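Peer 1: Let me give you the structure first, and then I'll get to my questions.
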Amino acid sequence: MNTSNPTLDLSIVLPVYNEEGSLPSLISELTDALQELGSSYEIVAVDDGSSDDSVAVLRRLQEQEPHLRIVQFRRNFGQTAAFTAGFDYARGEIIVTMDADGQNDPADIARLLEAMEEGDYDLVSGWRQHRKEPFLTRKLPSMIANWLIASASDVHLHDRGCSLKALRRDLVKQMHLYGELHRFIPEVASLIGVRVAEVPVSDRPRKAGKSKYGALSRTPRVILDLLTVSFLLSFSNRPMQLFGTA
Numbered sequence: 750m751n752t753s754n755p756t757l758d759l760s761i762v763l764p765v766y767n768e769e770g771s772l773p774s775l776i777s778e779l780t781d782a783l784q785e786l787g788s789s790y791e792i793v794a795v796d797d798g799s800s801d802d803s804v805a806v807l808r809r810l811q812e813q814e815p816h817l818r819i820v821q822f823r824r825n826f827g828q829t830a831a832f833t834a835g836f837d838y839a840r841g842e843i844i845v846t847m848d849a850d851g852q853n854d855p856a857d858i859a860r861l862l863e864a865m866e867e868g869d870y871d872l873v874s875g876w877r878q879h880r881k882e883p884f885l886t887r888k889l890p891s892m893i894a895n896w897l898i899a900s901a902s903d904v905h906l907h908d909r910g911c912s913l914k915a916l917r918r919d920l921v922k923q924m925h926l927y928g929e930l931h932r933f934i935p936e937v938a939s940l941i942g943v944r945v946a947e948v949p950v951s952d953r954p955r956k957a958g959k960s961k962y963g964a965l966s967r968t969p970r971v972i973l974d975l976l977t978v979s980f981l982l983s984f985s986n987r988p989m990q991l992f993g994t995a
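In my numbering, the protein residues as written are 750 to 995.
Right, here's the structure in full:
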């Protein structure tokens with residue numbers, strides 16, 4: 750976590766991977782939504798080794814939006830690594846994560862922050878009630894993951910795959926993510942013992958490009974991390990069973 754610069758109210762952490770077509774409208778929407786909140790903010794865009802013109806587009810947008818900061822990877826490391834790098838650079842007291850494909854609505858950030866303050870939560874996660882995604886490659890794997898994690902977790906969420914989340918800075922400092930664990934941030938947070946909530950948010954159709962981070966090629970690693978998280982949750986709830994104590 751970056752502590753060398755003054756803190757801000759909000760940091761938006763945005764992993765970017767081949768999203769040149771989505772970035773202009775997203776950054777514009779983000780700027781409007783954040784200015785309407787009246788809080789000090791920054792947008793931390795982490796380019797995860799894009800092979801398109803995402804970085805060039807970000808640099809052009811940075812000329813218009815001075816609150817935009819760019820972190821660039823030399824190659825593709827994955828979404829968890831991009832989130833982690835964004836957390837390291839973020840200066841906000843509250844950190845908001847979201848996708849760069851435009852399917853998360855920046856206007857919903859206000860709903861997350863309102864719920865966080867009203868309920869004194871440490872993490873508020875979005876719930877996409879009407880998902881506009883393919884069933885077989887996106888919805889079904891998410892449903893299976895939700896069911897498996899719910900069986901071992903005390904965190905009751907409808908949508909564990911939504912990237913739109915708000916986290917307090919102190920929580921982010923304590924989390925150590927690797928592999929594909931960004932998908933299970935609420936569960937990792939629950940191991941620390943924090944208060945987690947969920948609010949309905951929009952799920953918009955993608956306007957440009959196609960999904961990259963949701964590719965089936967990552968499925969084996971996701972399954973491995975899912976099993977790891979499930980074990981940790983079960984062990985945290987019943988620690989002495991590992992040693993044969995009832």
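Ideal Cβ placement from N, Cα and C applies to all residues, glycine included. Quick caveat, the model's predicted, so the values are computed rather than measured.
At the level of alpha carbons, what is the spacing between Leu920 and Val806?
Peer 2: As a position in the sequence shown, residue 920 is number 171, starting the count at 1. As a position in the sequence shown, residue 806 is number 57, starting the count at 1. Going from the Cα of Leu920 to the Cα of Val806 covers about 32 Å.
Peer 1: Can you find at least 3 beta carbon pairs, one from the stretch 828-835 and one from the stretch 807-817, that sit closer than 8 Å?
Peer 2: With the cut-off at 8 Å, the stretch 828-835 and the stretch 807-817 do not touch.
Peer 1: Skipping 5 residues on each side, what residues in its chain have a beta carbon closer than 7 Å to that of Pro949?
Peer 2: Residue numbering aside, residue 949 sits at position 200 when the sequence shown is read from its first letter. Once the five neighbours on either side are set aside, the close Cβ partners of Pro949 are Trp876 and Gln878.
Peer 1: Look at Asp796 and Val804 and say whether their C-beta atoms are less than 8 Å apart.
Peer 2: Mapped onto the sequence shown, residue 796 falls at position 47. Mapped onto the sequence shown, residue 804 falls at position 55. The answer is yes: Cβ separation under 8 Å.
Peer 1: Could you name the residues that DSSP lists as bridge partners for Leu759?
Peer 2: As a position in the sequence shown, residue 759 is number 10, starting the count at 1. Per DSSP, Tyr790 and Ile843.
Peer 1: Measuring CA to CA, which of Arg953, Asp908, Leu913 and Gln784 is closest to Glu814?
Peer 2: Residue numbering aside, residue 814 sits at position 65 when the sequence shown is read from its first letter. Out of Arg953, Asp908, Leu913 and Gln784, Gln784 has the C-alpha closest to the C-alpha of Glu814.
Peer 1: So, at 8 Å on beta carbons, what are the nonlocal neighbours of Leu817 in its own chain, with the 5 sequence-adjacent residues on each side left out?
Peer 2: Here residue 817 refers to the residue found at position 68 of the sequence shown. Excluding residues within five positions, the ones whose Cβ falls inside 8 Å are Ile776, Glu791, Ile792, Ala794, Leu807, Leu810 and Gln811.
Peer 1: So if DSSP puts Val765 in a beta bridge, which residue, or which two residues, is it bridged to?
Peer 2: Walking along the sequence shown from the start, residue 765 turns up at place 16. The partner list for Val765 (beta bridge, DSSP) reads Asp796.
Peer 1: Using the C-alpha atoms, what's the distance from Asn853 back to Val937?
Peer 2: Here residue 937 is taken as the residue at index 188 of the sequence shown, counted from 1. Here residue 853 is taken as the residue at index 104 of the sequence shown, counted from 1. Spanning the two alpha carbons is a distance of roughly 22 Å.
Peer 1: Alpha carbon to alpha carbon, how far is His925 from Tyr870? Give it in angstroms, no decimals.
Peer 2: Within the sequence shown, residue 870 is the residue found at index 121, counting from 1. Within the sequence shown, residue 925 is the residue found at index 176, counting from 1. Distance between the alpha carbons of Tyr870 and His925 is about 20 Å.
Peer 1: Might you give, ordered along the chain, the residues of its own chain that have their beta carbon closer than 7 Å to the beta carbon of Ala964, omitting 5 neighbours on each side?
Peer 2: Taking the sequence shown and counting its residues from 1, one reaches residue 964 at position 215. Because Ala964 carries a pLDDT of 48, less than 50, the predicted location of this residue cannot be relied on, and the following value inherits that uncertainty. Within the same chain, Ala964 has no close Cβ partners at all.
Peer 1: Looking at the unbroken beta strand (DSSP E) that takes in Arg917, where does it start and where does it end?
Peer 2: For the purposes of this step, residue 917 is taken as the residue at position 168 of the sequence shown. It spans Lys914 to Arg917 - the beta strand (DSSP E) in which Arg917 sits, taken as one unbroken run.
Peer 1: To the nearest whole angstrom, what separates the beta carbons of Ile843 and Arg918, a pair I think is in contact under 8 Å?
Peer 2: For the purposes of this step, residue 843 is taken as the residue at position 94 of the sequence shown. For the purposes of this step, residue 918 is taken as the residue at position 169 of the sequence shown. Between Arg918 and Ile843 the Cβ distance is about 7 Å, and since that is below 8 Å, they are a contact.
Peer 1: Leaving out the 5 sequence neighbours to the left and right, which residues in its chain are closer than 7 Å to Val943 when beta-carbon positions are compared?
Peer 2: Translated into the one-based positions of the sequence shown, residue 943 becomes position 194. Around Val943: Asp871, Leu872 and Leu920.
Peer 1: Given Met865, which residues of its chain have a CB within under 6 Å of its CB, disregarding the five upstream and five downstream residues?
Peer 2: What you label residue 865 is simply residue 116 of the sequence shown in a count that begins at 1. Closer than 6 Å at Cβ, skipping near neighbours: Val873 and Ala915.
Peer 1: Spatial neighbours of Ser771 within its chain, please: CB distance less than 7 Å, with the 5 preceding and 5 following residues excluded, ordered by chain position.
Peer 2: Here residue 771 is taken as the residue at index 22 of the sequence shown, counted from 1. For Ser771, where only same-chain residues beyond five positions count, the Cβ hits under 7 Å are Ala849, Asp850, Gly851, Lys956, Ala957 and Gly958.
Peer 1: Quick check: what's the CA-CA separation for Val845 versus Ser800?
Peer 2: Numbered from 1 along the sequence shown, position 96 holds the residue referred to as residue 845. Numbered from 1 along the sequence shown, position 51 holds the residue referred to as residue 800. Answer to the nearest angstrom: the Cα atoms are 26 Å apart.
Peer 1: Which stretch, first to last residue, makes up the beta strand (DSSP E) that contains Ser803?
Peer 2: Along the sequence shown, one-based indexing puts residue 803 at 54. First-last for Ser803: Ser803 to Gln813, but that is the alpha helix (DSSP H), not the beta strand (DSSP E).
Peer 1: Among all the DSSP beta bridges, which residues are the ones paired with Ser874?
Peer 2: Here residue 874 is taken as the residue at index 125 of the sequence shown, counted from 1. Answer is Lys914 and Glu947.
Peer 1: Could you check whether Ile934 and Met847 sit closer than 8 Å to each other, using their CB atoms as the reference points?
Peer 2: In the sequence shown, residue 847 corresponds to position 98, counting from 1. In the sequence shown, residue 934 corresponds to position 185, counting from 1. Contact: no.
Peer 1: Excluding five sequence neighbours on each side, which residues of the same chain lie with their C-beta closer than 6 Å to the C-beta of Ser722?
Peer 2: As displayed, the chain neither begins before 750 nor continues past 995, which places residue 722 out of reach and without an answer.
Peer 1: Buried or exposed: where does Asp781 fall if 16 or more other Cβ atoms within 10 Å of its Cβ makes it buried?
Peer 2: As a working note, residue 781 is residue 32 in the sequence shown. By the neighbour-count rule (16 or more Cβ atoms within 10 Å), Asp781 is not buried but exposed.
Peer 1: Does DSSP put Gln852 in a helix, a strand or coil?
Peer 2: Position 103 of the sequence shown, counting from 1, holds the residue named residue 852. Looking at Gln852 - three-state DSSP - the assignment turns out to be coil, as it is neither helix nor strand.
Peer 1: Rounded to a whole number of angstroms, what is the C-alpha to C-alpha distance between Ser774 and Gln923?
Peer 2: Position 25 of the sequence shown, counted from the start, is the residue given in the question as residue 774. Position 174 of the sequence shown, counted from the start, is the residue given in the question as residue 923. For Ser774 and Gln923, the distance between alpha carbons rounds to 33 Å.
Peer 1: Got a sec? Which residues, its chain only, sit under 7 Å from Leu779 by beta carbon, not counting five neighbours each side?
Peer 2: Here the question's residue 779 lines up with position 30 in the sequence shown. Only Ile761, Ile792 and Pro855 meet the Cβ criterion.
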